[in-house]
Structure formats: C-alpha cells, structure tokens
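Numbering (the working numbering), first residue to last: -10 to 914. Here a beta-carbon is modelled for each residue, glycine too, at the ideal position from N, C-alpha and C. Keep in mind that this is a model prediction, so the values were computed, not measured.
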C-alpha cells in the first residue's frame, strides 16, 4: 500500500523497492536537484487512505550517483547514512547526502555585541594602535567562529592573519608556538616574510632563516633567538598590520607564553592584534598566572561567550528553519544553547549529553563519535585514530606510511570523513585536521590502550625516518615513544629533548618530559635514577613552586626505597629551595624544623637549608635569627679552607641581617668581607652578591657606588633566564636612578621589574612597598609625566595606590588618603576587580573598603564612614569573607562612639588590618 502511494509521485522509469521493515529505496534518473526536492516533499506529506496512525512521520535521505569509485553497495550505504541523519534531524525532514554543516553553514548569530566589539578593535589596530583580545567560553560555544569572522574582516581591510595553536595530549618544546608561526608564514606569505628579513640585522635574520630551514640550534643562544622573534614581529607590524591568532593557548608551551607577554607589553605602539583563545580550564598554574597578567594592559579586552538564546536557532542553519518550535526547543534544551552541541544533536540526536558542562568533566563522548563513525569501514576509523594522536596536521603520505593504507585510498577516506564533518582539509598545506577539538578529544579517548601504544610506536618510527634533528621533532619523537611504552627509545629521545630544552631555559617543558618518561621504569632501573636526577634539577630551576615540590617528593620516595642515603640530604635541600623560590616561607620553616634535626650538622646541605631559612626570615622582626645563623656559620666554617663559599655566605647573612636592623655600618663591614672571600673562591663573586652589596651601599646613601655594582649585576643577567632575580635587580636600579634624579630611566626600570616579577609569581608586599617608594618620590618631584600612560593605567598602580593610602593614613593626611583609595575602588570596580587575579598577593576588594572606612572615621566624617562600612558589610557577607565581616562590625561600633574590645580581632590573620586597627584605637583615645 505504501509503495503504491509513493510510486504515484515518481517520474516515468522510477522504481521503488522495499529495503526492510518500514524502509524503502527509490531510484530515479533525475539529475535536477529541484525536481528531486519536490518529490521528497510530496513523499513527506503523503497520507494513506484508511490509515490514521498517530506519531508517525516520514524521513527521506537522498544521494546522487554515480561518483568516482561507486559500487551498488557504496551508493546504498551512502543513502542509508543520509536517511539516518534525516531521521534524527527531526520529524518530516529530508536531506541530500552532501547537506553538510559546511554547506548549511552555522552563521554567526546571537553575537552582535561581541562582533561589534571586535570590529571596533580591528579599526583601532588599523589606525596604528595595537590591541590584545582574549576570547573565552566553554567548548563549542563559538569562540573560533567569532575569531574567524573577525579575521576575515581584518584581512578584508588589508591586514595579514597568522594563526597557530597549542596541542593537547603532547609535551611541547620551548618556543613551539612561535617557531610554528614562522614556518607557516614562510609557506603562506613568502614574499612578505622575505621583506621582513631584509629589515632585520644579520644576527636576527640568520636565526629566523634557520627556523624555516629546520637548522635552528635555539639552545646555543636563547636570548638572541628570543630577540629575533620579537624584532621579526615588530618589523612585520610596521610593514603590514598583523593579526596573530593563538588557539588552544591552554596547551601552549610556557616559553612562548613568556614571549607573548613581552610582545604584549609594548603592543600599543604597533599595528598588531594579538587574539588568543582559551578553551578549557588551565592546569598549569604558572601559565594561568601569566595569561591573567595580560588583563592589566590598557589595550586588553576579554570576550566571554555564553549560550545562544532559543530565538537565535532558526538563524543558525537552513536545516533549523524546517523544524517545528517544539523540535527547536528540545534541541536548545539538550544543547544548553551551545552551537556545536546543536550540530551534534542534529547528526546524532539519540545522544543524551551528560550535562552541558560535560567537556569540563571530560567523560567519554562515545555517543557523538558512534553516531558518525559506526558505519565507517575499518580503514577510515584507523585514519581518525592516527590523526587524533598527532601534534601537527599530517598529509596523506605520512598517514599512508603509518597506517599501511595506499596513499590514494587515504585521500578518498579523508574526503569522505570531511563530508560527514569529522575532518577538514587544509588546502594550502594539503594536510588534515579535525573539525573541532572535541572530536579529536573524543576519538583519542576511545582508542584502547594497547592499540594506542602501537600507533604511537609506528608514528615515532616514521618520524625518526623523516624528521630533522630539531628541538620540535626530537620532542615529538620522545613524546610518542613515551606514549608507546618503548623504554629504550623513550629514554634516548627524552634525554636528547631535555638537553635541548634546558639549554634554552625551558625547564618546565623538560620536567614534563622527564616526569612522563620516569614512570616507564622500575624504581631500581638505572634509567629511572638518571631521569630522577634530571627531573629534580629541571624542577628546581623552573621555580614552579608546588609542582616542583610534588616532583621532587616523587624522586625522594624512590631514593629512600633504594636506600641511597647519600642522596637524601641533597633532595631535602632541593625541596627547601623550591619552597623558598615559591615564596612559601611558612612551609619552609615547618619543613626545615623537621628535617634539620635528622641531618648531619657537618653536611653542607644542612647549612644551605639553614641559610635559606635565614634569608626567608630576614626582616625587622627576625633579623636577629638571620644574624645568629650567619655567626654560627662563621664559627663552623672558619678553619675549613675547602668551605670558603659557605664562610663567605655566612658573612653575607650577617650583612643582610644588620641591614634589616638599620645597623648600616656593621652591615657594610660584613658585606665587604663577603665580597673579599667570594673573590678567593673558584667561581668568584656571584652576580647576586653584587646586587646585595649594592643594597647595603644604597642603605648607606652611596648611590654612585651602588649603581656600579647593579650595572654589573644586570649585565650578567641580560639573557633574562632568571626573571625572578632580574626583577629584583631592576627594582633596585630604579631606586638608584630615582635618587640620582634620572626619572625617565627610573620609571622604565620600575615597569619592567614589576612585569618580570609578575611573570614569576613572586610579587610580594615588599616589592609593592619598594615600588610605592619609587612612585611616591616621582610624584613628589612633580615628575608623574615620566611614568608612561600604559603603566599608570595598569592594575599594579592600583596596588601601589593602596599602599600610598596606608602611608597617608599613618601620616594623618586622611582627606588625601580617601581621595586615592576611592579612586582605586572606582577603577577596580569598573574593570571587574582584576586585582584579586593579577598578582600573587591576596588583596581583596574588601581591604580597599576597610581602608576607606578607617580614613573617614579618623577624618571625623561619620556619614561617609557609615555608607562605606555598609558596603564592606554587604561585600563581606556576599563573598563569605567572615574576617572582614568582623572588622566591619568592629568599625560600626567605633562609628557609633563605642569603645569595642580588640579581643575578638586577635585571631584574625590580616596583619595589615590588625596593625591599623590598633593604631586607630590609640589615635582615637
């Protein structure tokens, strides 16, 4: 009956066959798509006389044949798959086989304001002022689509668009992002690339040429290599406006992110738009911290994409226009307004997502993948698996060698995979990549472990045959051999890659490799011992803090299991040093109290840990302890000629202890003695000792002599390998230049010092106080114009102003204090309170409110004090800041004229607030 009714709509020669159950196959000789479309619409609206069955509808899948290589089986399979898609697209839907998402393109809707913002930014860049944009949001929300639309606009206006991205499931080498960008530009825009080289000096030009020729030996001269990249992009932006898109930044290597930060610090002077996309939570704390530093640049914009509204769906794709309101509502609810999830529901709506946030929890996405590949052949699935394991987009030749499939067959497979929306072909490089990171993630996670290891092994072996001996290729080979569980090759390539990374100060990247490879070996294997030693060294140098502590603890457990007592003290020192580098002084003190009791007092490590403790506690309160440890060291090492270094360091400790106690004469005496003894050691005077000697000279008022030693210190650290130390040295030089009335130089050094300190997460309240001192003096001298506008608008200036406010309160200049603190509050409120996320200091907005209330109380302005204190109470209540709620209650009683007890505040942890409350109560008496 059904077949007879359908046949009524077919042209002459049309045939119909029952395929099984409720499915039919129709064959016609029509070639006009419009005629076929009309027949499909008639079939969908078909009603059969005498039958009234509820909830039944018709779906039609259409394919046109023949195509090259078609067989009856392949045509039927193609039609069957198209019917499958039509069924799940909704009730009463017909689809052609090539009705792909690419052709039914999801237009950029629901993003009017975001696109307007991006258009304004592009216009700003074209006028000569560089900008930074962060595009954030959950996976599939449309971040890449927005950036692509903006890139198209940028290109249409005459700009150059360059893109690169981090790679998941892999350990990347240092500078990976930027070397990839250079190679990509060399392929796509060779003429412009060569024009840029013509404008570079010889040293810089040669290093850029080496990158594209795969001859670069970065590790020999990392400083020059870094400068080469920076100068390349600066020249490029002068010749042509450039939009630099960095995708999947959460997977990027930290040296590239360091370079991004340095490039961004002066971006306003260049025609450059730096646009980076953050897709998933960032697990590397240092990387997360550096990215947050970008927020303080005046030309920074953050675009956070949320879900689309239900009313936007019909504008997304033609397919949605053919759906009823209930269907659209159901898809919107299941997808949570996420465009990518909508696409997946259209092609496989039987999938029940595990909540809208499924990508954050990373459960298996088997449903999505099965919906698209369950009818693919074995070779197609194999190709998908190989591509999911690779860092870079492969070509057909590489896929053929790894898979063992004929190259021409690979091209047919990839073409089919692109038609069903899993892969896309990069036409300029003739390589293949996934249509979305979620697809890669899902396929990668569904590969059985034994098969995944075998594929990694085959990939690594092919790379060994073809890849050049560069840091990128060696890192990649090491990663694949580690993932394959190939102990011999994993060890060999990990050592080679680690050597290369460490020579460019990519200690974090090296430690990742060592940490991954070490688990391949048993605790007593020689390879594990060597990898453990390298891991400890890399982590100690990386200054990663908590991550370093965890890695070193792992090696320490191995050493104890092996009974290697002679190595334990050294590892305990590495742990202590990691605590010190991370600024975790309380943890260092607790740790040292525990381990020093177990250590031999004649051990050099025993004394170095004590020396770290002495350095950590050296302030006006604990300077006596620092001096005590220094004098104990002098006594212990005085007759040990082989320990001159430790004897000199003991003198140094006494010197810095006396500085903290403002006993400058004694400090200068021991500082000179330390310099003299260090001069007799094999290594000579360390550069950081020159800095500390300069600090003593500064305290004595001898700025001319201090400048000499600081200049030597900075010269020794020009390669910026240790930004932690460099920031401190620059801060000191800023103070010296200020005293010498070199205000321009002073402000420039100060800006750079704070930038480097922030990059290393070591910006402390002491740094802020020192920075405040420099800025205060510059302002007092009427030279505020010497501080760049960039710097004045940055968040760090808000920190400095907070401490200026504290100083003015204690100087009883309450009106000035209020003006400054209210300005800070307004700036922070306008920008979303970035202070709490842009530095390592915990300085919540509540502290600013607390200081404003206190200043108004002391100034006798009760009404204003009440108003601001109500804001403090409300903010503390909403944010769960119970400590500040107690302060607010205390201040409320003071405002009413009561004399509340300070006893409830004694357990509170914020020492600044406690000191000020005690001081205020004393003043009010």
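Check: Beta-carbon proximity list for residue 256, same chain, < 8 Å, skipping 5 on both sides; Outcome: 119, 120, 121, 263, 286, 288
Check: Residue from 185, 151, 22, 186 whose Cα sits closest to the Cα of residue 169; Outcome: 151
Check: Coil, strand or helix - residue 128 by DSSP; Outcome: coil
Check: Between the CA atoms of residue 423 and residue 383 - distance to the nearest angstrom; Outcome: 11 Å
Check: Segment contact, 8 Å Cβ cut-off, at least three pairs: the stretch 558 to 568 with the stretch 540 to 547; Outcome: yes
Check: Identity of the residue in 25, 577, 631, 186 nearest residue 221 by Cα; Outcome: 186
Check: Sub-8 Å separation of residue 663 and residue 721 beta-carbons; Outcome: no
Check: Per DSSP, the bridge partner or partners of residue 13; Outcome: 7
Check: Cα-Cα separation, residue 371 to residue 301; Outcome: 38 Å
Check: Beta carbon proximity, residue 440 to chain D, threshold 8 Å; Outcome: Of the protein chains in this structure there is only one, and it is not chain D.
Check: Alpha helix (DSSP H) segment containing residue 642, residue limits; Outcome: 633 to 649
Check: Nearest to residue 215 (by Cα), restricted to the options 198, 390, 193, 228; Outcome: 193
Check: CA nearest to the CA of residue 165, picked from 225, 400, 240, 585; Outcome: 240
Check: CA-to-CA distance, residue 640 to residue 728, given in whole angstroms; Outcome: 28 Å
Check: CB-CB length for residue 123 against residue 231, believed under 8 Å; Outcome: Incorrect: roughly 18 Å between the Cβ atoms, too far for contact.
Check: Distance cut-off 7 Å: residue 29 Cβ against heavy atoms of the ligand SAH; Outcome: You won't find the ligand SAH in this model; it holds no ligand whatsoever.
Check: Three or more C-beta pairs below 8 Å linking the stretch 17 to 35 and the stretch 46 to 54; Outcome: yes
Check: Every unbroken beta strand (DSSP E) within the stretch 411 to 447, with a cutoff of 3 residues, ordered by chain; Outcome: 412 to 415, 420 to 423
Check: Inter-residue spacing [alpha-carbon to alpha-carbon] between residue 905 and residue 887; Outcome: 18 Å
Check: C-beta contact flag for residue 527 and residue 499 at 8 Å; Outcome: yes
Check: Residues bridged to residue 121 (per DSSP); Outcome: 263, 289
Check: Every unbroken alpha helix (DSSP H) within the stretch 369 to 395, with a cutoff of 4 residues, ordered by chain; Outcome: 385 to 392
Check: Whole-angstrom distance between residue 521 and residue 546, CA atom to CA atom; Outcome: 11 Å
Check: Residues bridged to residue 83 [DSSP beta-bridge criterion]; Outcome: 49
Check: Those residues which DSSP pairs with residue 558 across a bridge; Outcome: For residue 558, which the question treats as bridged, DSSP gives no partner whatsoever.
Check: Which listed residue (243, 245, 251, 247) has its alpha carbon closest to that of residue 223; Outcome: 251
Check: Residue(s) in a DSSP beta bridge with residue 548; Outcome: Per DSSP, none; premise fails for residue 548.
Check: Secondary structure of residue 174, DSSP reduced to three states; Outcome: helix
Check: Segment contact, 8 Å Cβ cut-off, at least three pairs: the stretch 599 to 606 with the stretch 629 to 649; Outcome: yes
Check: Inter-residue CB distance, residue 135 and residue 107 (contact presumed, cutoff 8 Å); Outcome: 7 Å
Check: Residue of 884, 590, 834, 804 minimising C-alpha distance to residue 816; Outcome: 834
Check: Enclosing beta strand (DSSP E) for residue 150 [first to last residue]; Outcome: 149 to 154
Check: Pairwise C-alpha distance: residue 13 and residue 0; Outcome: 17 Å
Check: Option in 280, -8, 573, -4 with minimal Cα separation from residue 11; Outcome: -8
Check: Whole alpha helix (DSSP H) elements within the stretch 456 to 539, 4-residue minimum; Outcome: 460 to 473, 476 to 492, 496 to 507, 515 to 531
Check: Cβ-Cβ separation, residue 593 to residue 635 (assumed contact under 8 Å), whole Å; Outcome: 7 Å
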